[in-house]
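Q:
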Amino acid sequence: MKDIAVVGCGYWGKNLVRNFYELGVLAAVCDPLEVVAKKFSEQYKVPAKTWEEVLTNKKIRGVVLAVPAGLHAKLCCEAIMAGKDVYIEKPLSLTEEEGLKIKNTLEESSQILLVGHLLQYHPAVVKIKELLRTGVLGDLKYIRSHRFNMGKIRYEENVLWSFAPHDFSVIHSIANSPIKKIQSHCQYLFNDNIADRVDVVIEFESGVHAEVCVSWVHPFKEQKLVIGSTKGMLVFDDTLPLDQKLKIYKHNYSRNGKIISTEKAEAEPIVLSPEEPLKAECQHFIDCIKNRQQPRTDINEGISVVHMLQLAQECLEK
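Residue 101 is where the sequence shown starts when you use the working numbering, and the numbers rise one by one after that.
#1: To test your reading of the DSSP string, which unbroken beta strand (DSSP E) runs of 3 or more residues are found completely within the region 255-323?
#2: When the Cα of L218 is compared with those of C415, D398 and Y288, which residue comes out closest?
#3: Could you give the uninterrupted runs of the alpha helix (DSSP H) lying entirely in the region 327-395, keeping only those of 4 residues or more?
#4: Quick check on DSSP: helix, strand or coil for I104?
#5: On a Cα-Cα basis, can you pick out the residue from A166, F385 and P278 that is closest to V125?
#6: Taking only three categories from DSSP, how would you classify I180?
#7: How long is the line joining the alpha carbons of A173 and S193, rounded to whole angstroms?
#8: Quick check: the Cα distance between N115 and I160, rounded to an integer number of angstroms?
#9: From L378 to V164, what distance separates their C-alpha atoms?
#10: Between the C-alpha atoms of H407 and I180, what's the straight-line distance to the nearest angstrom?
#11: Taking the straight line between their C-alpha atoms, what separation do you get for V308 and D267?
#12: Could you say which of G402, Y242 and L416 lies nearest to E197 if we only look at CA atoms?
#13: Tell me which same chain residues have a C-beta within less than 6 Å of the C-beta of V136, skipping the five on either side of it?
#14: Is V113 helix, strand or coil when you go by DSSP?
#15: Going by DSSP, what residue range makes up the beta strand (DSSP E) through Y242?
#16: Output yes or no for whether 7 Å exceeds the beta carbon distance between R284 and V259.
#17: Mind checking G199: buried by the 16 CB within 10 Å criterion, or exposed?
#18: Do W316 and G216 have their beta-carbon atoms positioned less than 7 Å apart in this structure?
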């Protein structure tokens with residue numbers, strides 16, 4: 101049944117339109133620019149509707165919000181109150197207060213909300229969690245993430261809020277521990293008010309340390325996650341072909357008194373499912389609507405990530 105409307109057909113929204121169309125559930129598109137809405141309406145043979153028409157259409161069960169982050173809280177609450185299940189792109193909101201407002205609205209309804217933390221649906225991240233859970237890597241020690249690109253410079257949020265939600269979401273779920281401390285610093289390269297590069301250091305109560313570096317003024321694209329544990333290391337490089345994206349280095353450490361020796365090992369590629377992460381995320385939303393189940397990246401996970409972002413932002417402002 102075609103019962104999902106995508107709101108926002110721009111930079112990322114166009115990918116969501118394509119995926120929900122390919123999954124056979126796209127009912128309508130909505131965009132504030134009439135010419136854009138008309139283009140996608142004609143391309144995918146679905147009606148272009150206004151926001152008010154989306155909210156009042158009883159045949160539309162799910163709303164996908166790919167709009168500027170500043171509009172997330174307002175539109176999300178309106179959709180929930182209209183009886184729609186919601187898929188909202190990251191970040192959930194621009195403040196923890198707004199995130200809690202969404203949660204309160206959600207708890208007063210029977211609706212479902214999925215936050216678009218895409219990496220949680222990536223086969224490499226699924227595999228990393230499996231390896232950590234089964235003890236193959238031993239004890240987790242540190243996590244380091246780079247997300248660099250010569251990309252679109254935004255004006256509604258800085259690079260921390262634009263790039264880091266993906267990494268914070270994964271790191272939070274992998275560390276599985278309360279945060280002890282967050283430190284961050286940034287560079288303003290092209291705009292006095294919007295950070296173009298941010299470095300964050302996170303210390304968890306478990307003793308695990310994490311570093312996140314994000315920039316949209318880098319000469320080339322780099323999306324790399326490194327996991328360091330007592331029985332080896334994992335490197336996830338999302339810019340490489342599927343058969344090279346995730347590698348394990350089974351380095352061995354031994355201690356004799358104060359002397360620590362290492363035994364290095366060659367990288368071993370790990371076989372991954374070829375499933376497209378965005379399609380998997382979209383299908384998960386469809387399944388959650390049908391089965392009335394809580395999404396993997398639900399409201400609580402979304403608020404946790406916003407909490408981390410806000411702590412890092414407060415550190416920048418100090």
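Glycine included, C-beta positions come from ideal geometry on N, C-alpha and C.
A: Per the coordinate set shown:
#1: 279-287, 297-304 and 309-315
#2: D398
#3: 377-391
#4: strand
#5: F385
#6: helix
#7: 6 Å
#8: 20 Å
#9: 13 Å
#10: 22 Å
#11: 15 Å
#12: G402
#13: C109
#14: The question names Val, but residue 113 in the sequence shown is Gly. G113: helix per DSSP, three-state reduction.
#15: L240 to M250
#16: Sequence check: residue 284 is Ser here, not Arg. No.
#17: buried
#18: no
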